[in-house]
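Student:
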Amino acid sequence: MDRRESIKNILLGSALAGIAIGSQSCEPDLEETPINLEKPKGYGRTPFEREHDEKIANSPDFFSADELSAIAALCDIILPANDEVGGAIEAKVPDFIAFIVKDLPMHQLPIQGGLMWLNGESQKRFEKAFVALDTAQQLSIIDDIAYPDPKKESTTLEPGRVFFTRIRNLTLTGFYTSKIGIADLGYQGNRANMWDGVPQDVLDKHGLSYEAEWLAKCVNQEKREEIARWDDKGNLLNN
Amino acid sequence: MQIKEAPKEYDAIIVGSGAGGGMSAYMLANAGMKIAVVEAGSFFDPKDPATMTQMKWSYESPRRGASTNRAFGDFDMSWGDWKVEGEPYTNKKGTDFRWWRARMLGGRTNHWGRISLRFGPKDFKHRDVDGLGENWPISYEEIKPYYDRLDKMIGVFGSNEGLANDPDGFFLPPPKPRLHELYYIKGARKSNVPVIPSRLSILTKRINKDRGICFYCGQCNRSCSAYADFSSGSCFIFPAQKSGQVDLYTDCMVKNVTTNDEGLATGVSYINKKDMGEYQLKSRVVVLGASACSSARILLNSTSKQHPNGLGNSSDHVGRYLHDSTGSGLTGFVPALMDRKVYNEDGVGGMHVYSPWWGDNSKLDFPRGYHIEVWGGLGMPAYGFGFDVESINKYIGASVGGYGDKLRDDVKRFYGSIVGLSGRGESIARYENRCELDEDVLDRFGIPVLQFNYKWSEYERLQAKHMVDSFEEIITNMGGKVMGEKPGKDKEYGLLNPGQIIHEVGTTRMGNDPLKSVTNKYQQLHDAKNVFIVDAGPFTSQADKNCTWTIMALSMRASEYIIDQFKKKNI
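Protein sequences, first through last, are from chains S and E.
End of the first sequence sits at 1165 in the numbering used here; the numbers just go up one at a time, nothing left out.
End of the second sequence sits at 577 in the numbering used here; the numbers just go up one at a time, nothing left out.
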């Protein structure tokens, strides 16, 4: 397999590569698709952005060690590991939260205040800090703040609910943007692909189909390597 | 401070390397003119591994792509957004225009949505239809040949539909619709809103041997390393450089156009960001493509005995008639899209279908139309993913809130069930809406900044009302529920601030009457025949279309006029 073909395989995945390689034979002069296959380090920062990232990474934590353990305890309650998949702790969500509050300071005060509220509530009910409670005790508080109170009957719990919503949001985002979380979600993209429509079984399930008239306009992936030609009126001659 | 002059003289200096400047550089260089391209931002090549964000995973960013440093998130390929460090702008009291600047080679073309819509015959003569604004001094028939060449030169997918005001072209074949787009087609048609394949400058099929073909990562806003989408660097500047006719000056902020005793341009003066020194370049022709507002600013800062009110500004029209597209939108939750099978539907970087304007404004309470853009699907999670996901349960009467496995189930059940509709419409260009110099405020280069004064009128508010009413109807037709509160009159129907759609045009409008316009129909200053403007400044009116394709068609036309006049020694 020459380099051009190997690039195609990487680009399209081996199952699809045959189509493109097959059609390419009628255009033997084409140069390689100049796709960049090297995986550089970093994520493409400008010098200013790199400096910003380094400054934040090297700055002391906003939260104390006690606050960070309470955050970790909450992350673990919100998305615990189960038999099939790791949880927020495995996905290092507490580290993400420790970073993001320095990067987006708007989160700092609500979380700090919320943790104080949580410890206050724990003291009131069990005379201990939240992290020192046993699981049943922790959940008895969490169950009171993890659900909305549409009638707003208990106003004293409302700050806890607002706080829990924020921590839950950050935990969800931290988890589902991690490698573990993306795999758990099943996201299939961010790779070279050849989109050729909704899979038939999905169309069937939704009772949908492509209209012939619409499909006739769409790209024929078998001829994508052929250089486009039109007649004078703009009709594509080689789709 | 000593101003240093470069010894060599160019045939033309092009200020700005975006859609307009890039096209002009390409045309002039290939016609054999010796040119300098002066760009305020840094060098950028979409395939440079050091700056590339394409194919990065969210977890490669410690903030998971949040918008701390870039308004559209870490991976969006725009260096600079509505705020640029050291380059402020101001607003007249009670107004709030937002000004996006991309400080990089290729400018905003690196991150734009690639939506490439020709203006239609009516768009050039809209005053004849409704008595508002001003007609362009050119017609669709005059610009059609340039659109045709542009389609083939750059590549745009779409379909010939024979619509009266959304002209056909030379299209590459469009991609098939995604699942949520099939739902949109059904929902929109039920309300007699037409839906057609979208028109984006992305190569679904090869157009030449130099550029790659789309490999469906859905990340055009990150700028394609295979050059399979249009960016000015990959399509214009780098090919132009192959001619050997181009000197590229990056990180050079043009301050003003220099002029002689006859009032003609002699070149430009710029600040080199690397040493903060001021330098001059000489040329026979100056082409401004710095963006509608930046070019206006350069003209206003180019005062002289011959041009006391700023270059090209004897009519006091520079900076006036500034107008952006209108924008409003709604988000819907579609229960039929719950519990989806997950597969790769990244597709191209943008929607596969859209709705051109369908209404008859003579029967409506607002004069101009809008098109509908659709988003949704099984995208890559980034910062913000999962926020309030459990609250979606309220739309299906299920229990809201919770944690643990129930929460996990919610995330998966609702993944891909959210659809968004955005309207992008035409506003009326108004004399009062303008940018001018704010002499009290300087940027870090010591150049007076722009002050904006821009207000929407009732026309735009009523159009936004029509948008959200239509979107609510379509979402309902899809079996969906509008998420959040539909914005009412108190929220101006969700009408975004001027500048937020980033289609600002009109600041140096073209016309036949030098008292009412800044350039003639070849985008040549009425007041100085060797100065041309090739960005969106000369737009007499915006349409219910995005402006980039027209910027480029016009820049091609203006550039051929420059070449002709240069060869005839008229300039």
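Each residue gets a CB set at the ideal place from its N, CA and C atoms; glycine is no exception.
All figures in this text were calculated on a predicted structure; none of them were measured in a lab.
(1) Compute the Euclidean distance between the alpha carbons of E/V540 and E/E268, then round it to the nearest angstrom.
(2) Strictly under 8 angstroms for the Cβ-Cβ distance: is S/E975 near chain E by that measure?
(3) Could you name the residues of the same chain whose beta carbon sits closer than 7 angstroms to that of E/K62, not counting the 5 residues immediately before and after it, in chain order?
(4) Compare the beta carbon distance of E/S122 and E/T554 with 8 angstroms and say whether it is the shorter of the two.
(5) Tell me the residue span of the beta strand (DSSP E) that contains S/Y1113.
(6) In whole angstroms, what separates the C-alpha of E/F451 from that of E/Y285?
(7) Is there at least one Cβ from chain E nearer than 8 angstroms to S/T1082's Cβ?
(8) Using 10 angstroms around the beta-carbon of S/P954, count the other beta-carbons present and answer buried if the total reaches 16, otherwise exposed.
(9) Say whether chain E places a C-beta atom closer than 8 angstroms to the C-beta of S/I1004.
(10) In chain order, which continuous runs of the alpha helix (DSSP H) of length 4 or greater are located wholly inside the segment 443–508 of chain E?
(11) Between E/Y153 and chain S, is there a C-beta pair that is closer than 8 angstroms?
(12) Using 8 angstroms as the threshold, is the segment 168–188 of chain E in touch with the segment 1134–1151 of chain S, meaning 3 or more CB pairs across them?
(13) Using a beta-carbon distance cut-off of less than 8 angstroms, what residues from the segment 1130–1149 of chain S approach chain E?
(14) Looking at the strands, I want to know which residues DSSP matches up with E/H377.
(15) State the start and end residues of the unbroken beta strand (DSSP E) segment that holds S/Y1073.
(16) For E/F339, which residues does DSSP report across the bridge?
(17) With H, G and I counted as helix, E and B as strand and the rest as coil, what does DSSP make of E/F176?
(18) Which residue's Cα is closest to the Cα of E/A170: E/L305, E/R124, E/M159?
(19) Go ahead and pull the three-state DSSP assignment for S/P1031.
(20) Around the Cβ of E/G273, are there at least 16 other Cβ atoms within 10 angstroms (buried) or fewer (exposed)?
(21) Can you give the beta carbon distance from E/Q506 to E/G333, rounded, assuming they're within the 8 angstroms contact cut?
(22) Per DSSP, what kind of secondary structure is E/I568 in: helix, strand or coil?
(23) Please go through the same chain and pick out, in chain order, the residues whose beta-carbon is closer than 7 angstroms to the beta-carbon of E/K40, but skip the five residues on each side of it.
(24) At a cut of 8 angstroms, does the segment 499–516 of chain E reach the segment 328–347 of chain E through at least three beta carbon pairs?
(25) Take S/F1101 and list the residues in its own chain whose beta-carbon comes closer than 7 angstroms to its own, dropping the five residues that flank it on each side.
(26) Which complete beta strand (DSSP E) runs does the segment 11–44 of chain E hold, if anything under 3 residues is left out?
(27) Given a cut-off of 8 angstroms, decide if E/A246 and E/Y32 are closer than it, judged by their beta-carbon atoms.
(28) Hey, does E/V340 have any beta-carbon neighbour from chain S nearer than 8 angstroms?
(29) State the DSSP-derived secondary structure class of S/A999, mapped to helix, strand or coil.
(30) Can you give me the C-alpha to C-alpha distance between S/G1123 and S/D1002, rounded to a whole angstrom?
(31) Does the beta carbon of S/P1020 sit closer than 8 angstroms to a beta carbon anywhere in chain E?
(32) Along the chain, where does the beta strand (DSSP E) containing E/F103 start, and where does it finish?
(33) Please classify E/K211: does DSSP put it in a helix, a strand, or coil?
(34) What residues in its chain sit with their C-beta under 6 angstroms from that of E/G22, if we drop five residues either side in the sequence?
(35) Take S/I1067 and list the residues in its own chain whose beta-carbon comes closer than 6 angstroms to its own, dropping the five residues that flank it on each side.
(36) Taking 8 angstroms as the cut-off, decide whether the C-beta atoms of E/V425 and E/V395 are in contact.
Tutor: The relevant details are as follows:
(1) Counting from one through the second sequence, the residue named residue 540 of chain E turns up at place 534. Counting from one through the second sequence, the residue named residue 268 of chain E turns up at place 262. Rounded to whole angstroms, E/V540 and E/E268 show a C-alpha spacing of 23 angstroms.
(2) By one-based count along the first sequence, residue 975 of chain S stands at place 49. Yes, S/E975 counts as interfacial toward chain E.
(3) Sequence index remark: in the second sequence, residue 62 of chain E carries index 56 (1-based). Around E/K62: F81.
(4) As a first step, residue 122 of chain E is located in the second sequence; it is residue number 116 there, counting from the start. As a first step, residue 554 of chain E is located in the second sequence; it is residue number 548 there, counting from the start. The answer is yes: Cβ separation under 8 angstroms.
(5) Locating residue 1113 of chain S in the first sequence gives position 187, where the first residue counts as 1. No beta strand (DSSP E) holds S/Y1113; DSSP gives it neither H nor E.
(6) Numbered from 1 along the second sequence, position 445 holds the residue referred to as residue 451 of chain E. Numbered from 1 along the second sequence, position 279 holds the residue referred to as residue 285 of chain E. Near 12 angstroms, if we compare the C-alpha coordinates of E/Y285 and E/F451.
(7) As a first step, residue 1082 of chain S must be located in the first sequence, where it is residue number 156. With a threshold of 8 angstroms between beta carbons, S/T1082 makes no contact with chain E.
(8) By one-based count along the first sequence, residue 954 of chain S stands at place 28. Low confidence applies here, because S/P954 scores a pLDDT of 35, under 50, leaving its location unreliable; read the following figure in that light. Exposed is the call here.
(9) For this step, residue 1004 of chain S is matched to residue 78 along the first sequence. Yes, S/I1004 lies at the interface with chain E (some Cβ there is under 8 angstroms from its Cβ).
(10) The segment 443–508 of chain E contains these whole alpha helix (DSSP H) runs: 464–483.
(11) Taking the second sequence and counting its residues from 1, the one referred to as residue 153 of chain E is at position 147. At least 8 angstroms separates the CB of E/Y153 from every CB of chain S.
(12) In short, these stretches touch, since the Cβ pair count reaches three.
(13) For the segment 1130–1149 of chain S, which is checked against every Cβ of chain E, the residues closer than 8 angstroms are K1131, H1132, L1134, Y1136, W1140, L1141, K1143, C1144, V1145, N1146, K1149.
(14) Translated into the one-based positions of the second sequence, residue 377 of chain E becomes position 371. In the DSSP output, where bridge partners are listed per residue, E/H377 has E/R430.
(15) Counting from 1 along the first sequence, the entry for residue 1073 of chain S is found at position 147. No residue range can be given for S/Y1073, since it is assigned to no beta strand (DSSP E) and is classified by DSSP as neither H nor E.
(16) Indexing the second sequence from 1 puts residue 339 of chain E at position 333. Answer is E/I424, E/K487, bridged to E/F339.
(17) Against the second sequence, residue 176 of chain E aligns to sequence position 170. Coil, per DSSP.
(18) Reading the second sequence from its first residue, position 164 is the one you call residue 170 of chain E. The alpha carbon of E/A170 has as its nearest neighbour, out of E/L305, E/R124, E/M159, the alpha carbon of E/R124.
(19) In the first sequence, counting from the first residue as 1, residue 1031 of chain S sits at position 105. Note: S/P1031 maps to helix in three-state DSSP.
(20) Working through the second sequence from its first residue, we reach residue 273 of chain E at position 267. The residue is buried, with at least 16 neighbouring Cβ atoms inside 10 Å.
(21) Position 500 of the second sequence, counted from the start, is the residue given in the question as residue 506 of chain E. Position 327 of the second sequence, counted from the start, is the residue given in the question as residue 333 of chain E. Contact holds; Cβ gap of about 6 angstroms.
(22) Here the question's residue 568 of chain E lines up with position 562 in the second sequence. In the displayed model, E/I568 falls within a helix according to three-state DSSP.
(23) In the second sequence, the residue the question calls residue 40 of chain E occupies position 34. Correct list, in chain order: Y16, D17, Q251.
(24) By the Cβ criterion, the segment 499–516 of chain E is in contact with the segment 328–347 of chain E, since at least three pairs of Cβ atoms, one from each stretch, lie closer than 8 angstroms.
(25) Along the first sequence, one-based indexing puts residue 1101 of chain S at 175. The residues are L1005, A1014, A1017, V1019, G1107.
(26) The segment 11–44 of chain E contains these whole beta strand (DSSP E) runs: 41–44.
(27) The residue given as residue 32 of chain E occupies position 26 in the second sequence. The residue given as residue 246 of chain E occupies position 240 in the second sequence. Yes, Cβ-Cβ distance for E/Y32 and E/A246 is below 8 angstroms.
(28) Reading the second sequence from its first residue, position 334 is the one you call residue 340 of chain E. Chain S contact via Cβ: absent.
(29) Indexing the first sequence from 1 puts residue 999 of chain S at position 73. Here S/A999 sits in helix by DSSP.
(30) Position 197 of the first sequence, counted from the start, is the residue given in the question as residue 1123 of chain S. Position 76 of the first sequence, counted from the start, is the residue given in the question as residue 1002 of chain S. The alpha-carbon atoms of S/G1123 and S/D1002 are separated by roughly 39 angstroms.
(31) Position 94 of the first sequence holds residue 1020 of chain S. S/P1020 does not count as touching chain E.
(32) Residue mapping note: residue 103 of chain E aligns to position 97 of the second sequence, counting from 1. Unbroken run through E/F103: none, as it is neither H nor E.
(33) Working through the second sequence from its first residue, we reach residue 211 of chain E at position 205. Three-state result, E/K211: coil.
(34) Walking along the second sequence from the start, residue 22 of chain E turns up at place 16. If the five residues before and after E/G22 are omitted, its C-beta is found closer than 6 angstroms to the C-beta atoms of G295, A296, all from its own chain and listed in chain order.
(35) The residue you call residue 1067 of chain S lines up with position 141 of the first sequence. Setting aside the 5 residues that flank it on each side, S/I1067 is surrounded in the same chain by E1047, each with a C-beta closer than 6 angstroms to its C-beta; the list follows chain order.
(36) Translated into positions along the second sequence, residue 425 of chain E becomes position 419. Translated into positions along the second sequence, residue 395 of chain E becomes position 389. No, these two residues do not count as a Cβ contact at 8 angstroms.
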